[in-house]
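Below: the structure, in structure tokens.
Residue numbers (the numbering used here): 15 to 419.
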């Protein structure tokens, strides 16, 4: 097959490279936490959730049929990966899209929310032009519990029922930013960054997005929905002073990776990525939420999603201490206090941006309202402020004393 740029399959496949082994990751996409498992829910909840997942399955089936009638075919939406010198975590999604569509343009969120998943699609992946070779260990896609069937090697990775693909690749890469390319039949390869974090990095930053770096007014559902779905992406506002704070933290800890957590769905990843770049925040992986109902685990709550990903990062980087940045508009104080309690000595500091009364009010009222969440109760230093400038005044002097970690 000839690609639109004139490259043929044979030209791409004949490159003399040694494949990188990769395995499917067991993550929040496919592993239910103890709080989520549907068999532990009351009968009425189980019945309701199964009804919703069944309805979503019917919608996906009907939408797929319409997409095929329109001659749409699978495309890859690549998300930014991360890892160490020894492994990388790669995330992407296969969706149906018109022939000339491209991923990554800054568009209103409603367009992303109408994405039609393309399930069980074969994807070829390369890191710096070296192909990945996926491995399914026996009949279980895990690292350490092989099943009874033989191992299966493949030059393709295959997306799941909702189009997601989440891989762990075993390899050796130099620290820095690498390029990952994803390709499905009939499409030009698409690329994304892979942040390889040096093992010498001792500090990392985990930051919420909504109302921490980007004003969305998440405590007010209809305002949050408008800002997420319909607002022109170029008109979204940054929390004053937060990009300056983040860049000063990056100056103090040059090797520090920045991870951005959000309860927003993966459908709007491209829009949030544009916001981070356009407003001068340090770039880094976005870890968002899957809103497609899962048969075994349904949809994770926002706090549960953040807690699971934070715990994943704690496991991924066992020698790293983290600065946790969030806001008091949802449950970040409680979530971060839980992380600090579960991982003693691993949280360097907590920064909580306090929402203004106007941001907490459905009608913009600015009196008689207080923060929706109390400050976290923990032995870890907690810094609060309504803007990045407020936080800088107290937080940066403390962080400057921690440079010898």
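Yeah, the Cβ is synthetic: ideal placement off N, Cα and C, and Gly gets one too. Just so it is clear, the structure is predicted and the values come from calculations on it, not from any experiment.
- Shown here, residue 82 sits in a helix according to DSSP, grouped into three states.
- Using a Cβ distance threshold of 8 Å, residue 335 and residue 262 do not count as a contacting pair.
- Residue 220 sits in a strand when the DSSP states are folded into three classes.
- The alpha carbon of residue 342 has as its nearest neighbour, out of 292, 399 and 201, the alpha carbon of 399.
- The stretch 66-76 makes no contact with the stretch 97-116; the number of CB pairs closer than 8 Å stays below 3.
- Comparing C-alpha distances from residue 132 to each of 108, 142 and 138 shows the shortest one belongs to 108.
- In the structure shown, residue 257 adopts helical secondary structure according to DSSP, grouped into three states.
- Under the DSSP assignment, residue 284 falls in the alpha helix (DSSP H) whose first and last residues are 283-292.
- DSSP links residue 136 through a beta bridge to 172.
- Boundaries for residue 94: no beta strand (DSSP E) harbours it, and the DSSP string shows neither H nor E there.
- Residue environment: residue 188 is assigned as exposed (fewer than 16 neighbouring CB atoms within 10 Å of its CB, all protein chains considered).
- Of the candidates 266, 278, 210 and 137, the residue whose Cα lies closest to the Cα of residue 418 is 266.
- Looking from the CA of residue 182, the closest CA among 129, 258, 228 and 103 belongs to 103.
- Residue pairing from DSSP places residue 335 in a beta bridge opposite 217.
- In the three-state reduction of the DSSP assignment, residue 202 falls in the coil class.
- Here the alpha carbons of residue 129 and residue 85 stand approximately 15 Å from one another.
- Going by C-alpha positions, residue 101 is about 40 Å away from residue 56.
- Each of 370, 346, 392 and 344 was checked against the Cα of residue 362, and the nearest Cα belongs to 392.
- Distance between residue 136 and residue 327, taken at the CA atoms: about 28 Å.
- When the Cα atoms are used, residue 177 and residue 170 turn out to be separated by approximately 14 Å.
- DSSP places residue 320 within a helical segment (H, G or I) once states are collapsed to three.
- For a cut-off of 8 Å, the C-beta gap from residue 221 to residue 272 is around 7 Å, short enough to register as a contact.
- When secondary structure is reduced to three states using DSSP, residue 57 falls in the helix class.
- In this structure, the alpha-carbon of residue 318 lies about 32 Å from that of residue 140.
- Judged by DSSP secondary structure, residue 355 falls outside any beta strand (DSSP E) and instead within the alpha helix (DSSP H) spanning 346-356.
- The C-beta distance from residue 269 to residue 332 rounds to 16 Å, too long to meet the 8 Å contact threshold.
- Under the 10 Å beta carbon count, residue 285 is surrounded by 16 or more other beta carbons and is classified as buried.
- Straight across, the Cα-Cα distance linking residue 255 with residue 412 is about 18 Å.
- Residue 226 is not a Cβ neighbour of residue 396, given a cutoff of 8 Å.
- Taken atom to atom, the span from the alpha-carbon of residue 230 to that of residue 252 is near 9 Å.
- Sequence-distant Cβ neighbours of residue 403 in its own chain, meaning closer than 6 Å and more than five residues away, are 255.
- DSSP, reduced to helix, strand and coil, places residue 340 within a strand of the structure shown.
- Note on geometry: alpha-carbon atoms of residue 348 and residue 74 lie some 36 Å from one another.
- In this model, residue 98 and residue 210 are separated by some 5 Å (Cα to Cα).
- Between residue 276 and residue 302 a beta carbon distance of about 5 Å is seen, short of the 8 Å cut, so the two are scored as contacting.
- Taking C-beta atoms as the reference points, residue 296 and residue 264 count as a pair closer than 8 Å.
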